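Structure first, commentary second.
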Ligand code: KG4
Ligand code: ZN
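In my numbering, the protein residues as written are 23 to 359.
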């Protein structure tokens, strides 16, 4: 089955053609980094306009690279939630146009389910059930993936996400946008024990909280700035990264042990983090657990992951009609459309 995937939930306009949920025939990602860089973060209005300007060429390019036409497609899958509403609507309406004009099934895909499905492309042998740490710019979840479309949230952040914590700290440090990846790179050069950040405490065993940590690191940066021009960015980045990664892993490993999961998976933009990948690998090697991670290119937003998850949603009968809408938020375990 050949599925065209479309992704426009944030600052990447992407289209891809994927066969049977695993084999990429093409993947095109047009990043808007340059357009948002001067503002230090994503500007929703600029994102929507840029998606509208580029989606046509991105989709044609994906088809061309796959050597296919619209008529060769079996279905169109599109991210319809969660994300910036104006940005999502561009992708949803474009997908509806193709579905209507070419009489193809329309498959709504939850963006975070897509991130999880990126793993099926990189790790062709991976099958549910498994336990997944989903860490992106807006979400931090521990999810039990019982089946491709059957998920159970074990833990979630009660406020900010891990990615947002990195982005805001990077911005305060003046290392620019996109912050997470830049912070990760300089953290490799710093001393992770140079600064101490309090580990957030929440009542529930598997839930997270990042807002206190985010405020703490920003205050620390402002205090240093007031005293001197010289911010020890490498040490700050290394210390913050270690605190966040240790915190994520502690809960993820606890959940894996208590729930008896031997297959551990990560997904979302933050799954590209060098220390997170290293820590997971060490733990899994030592504890005889299988570890699956998307290749770096598929950690970030892309449309291959949407087409991959779209395949499994289609098999489950989750197709929409032309009334499909976009939603800024939606739970990953029980998405409706
Ligand atoms: O999944 P994603 O591309 O977009 C959302 O769905 O939100 O995730 C973006 C997030 C941003 O917060 C970005 O800073 C973070 O992923 N990120 C990283 C790294 N690469 C991207 N965070 C830490 N280390 C990285 N290497
Ligand atoms: Zn994402």
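The beta-carbon is built from N, C-alpha and C at its ideal position, and this holds for glycine as well. A quick note: this is a predicted structure, and the numbers were derived from the prediction, not measured.
Ranked by Cα distance from residue 184, the first of 268, 79, 344, 313 is 268. Relative to the ligand ZN, the nearest heavy atom lies less than 6 Å away from the CB of residue 323. Within 10 angstroms of the beta-carbon of residue 179 lie 16 or more other beta-carbons, which makes it buried. Here the distance from the Cβ of residue 49 to the nearest heavy atom of the ligand ZN is not below 6 Å.
Between the ligand ZN and residue 158, a heavy atom-to-CB distance of less than 6 Å is present. In the DSSP assignment, residue 98 falls outside any alpha helix (DSSP H) and lies within the beta strand (DSSP E) extending over 97 to 103. With 16 or more other Cβ atoms inside 10 Å of its own Cβ, residue 54 counts as buried. In this structure residue 46 touches residue 40 by the C-beta definition: roughly 6 Å separates them, less than 8 Å. The C-alpha of residue 245 is placed about 46 Å away from the C-alpha of residue 330.
Annotation: residue 321 is outside any beta strand (DSSP E); the continuous alpha helix (DSSP H) that includes it extends over 318 to 321. Between residue 341 and residue 129 the beta-carbon gap is near 6 Å, inside 8 Å, which marks them as a contact. With the rule of 3 Cβ pairs closer than 8 Å, the stretch 69 to 80 counts as touching the stretch 100 to 119. Exposed is the label assigned to residue 198, since fewer than 16 other Cβ atoms lie within 10 Å of its Cβ. In terms of Cβ geometry, residue 148 and residue 142 form a close pair [threshold 7 Å]. The bridge partners DSSP lists for residue 174 are 166.
Annotation for residue 274: the continuous alpha helix (DSSP H) segment containing it runs 255 to 281.
Within the same chain, 50 come within 6 Å of residue 83 by CB-CB distance, once the 5 residues on both sides are set aside. Under DSSP, residue 46 shares a beta bridge with 40. Going by DSSP, residue 133 is part of the alpha helix (DSSP H) stretching over 133 to 144.
Residue pairing by DSSP places residue 289 opposite 156 in a beta bridge. The alpha helix (DSSP H) runs lying completely inside the stretch 67 to 129 and spanning 4 residues or more are 107 to 124, given in chain order. One alpha carbon belongs to residue 152, the other to residue 215, and they sit about 33 Å apart.
One Cα belongs to residue 313, the other to residue 167, and the distance between them is close to 14 Å. DSSP, read as helix, strand or coil, puts residue 339 in coil. The alpha-carbon of residue 357 is positioned some 7 Å away from that of residue 132. Each residue's CA atom was taken as its position, placing residue 125 and residue 56 some 36 Å apart. Relative to the ligand KG4, the nearest heavy atom lies less than 6 Å away from the CB of residue 294.
Using a Cβ-Cβ distance cut-off of 8 Å, the stretch 213 to 230 and the stretch 255 to 269 are in contact, since at least three pairs of beta carbons, one from each stretch, lie closer than that value.
Rounded to the nearest whole angstrom, the CA to CA distance from residue 235 to residue 104 is 24 Å. For residue 24, the uninterrupted beta strand (DSSP E) run begins and ends at 24 to 29, by DSSP.
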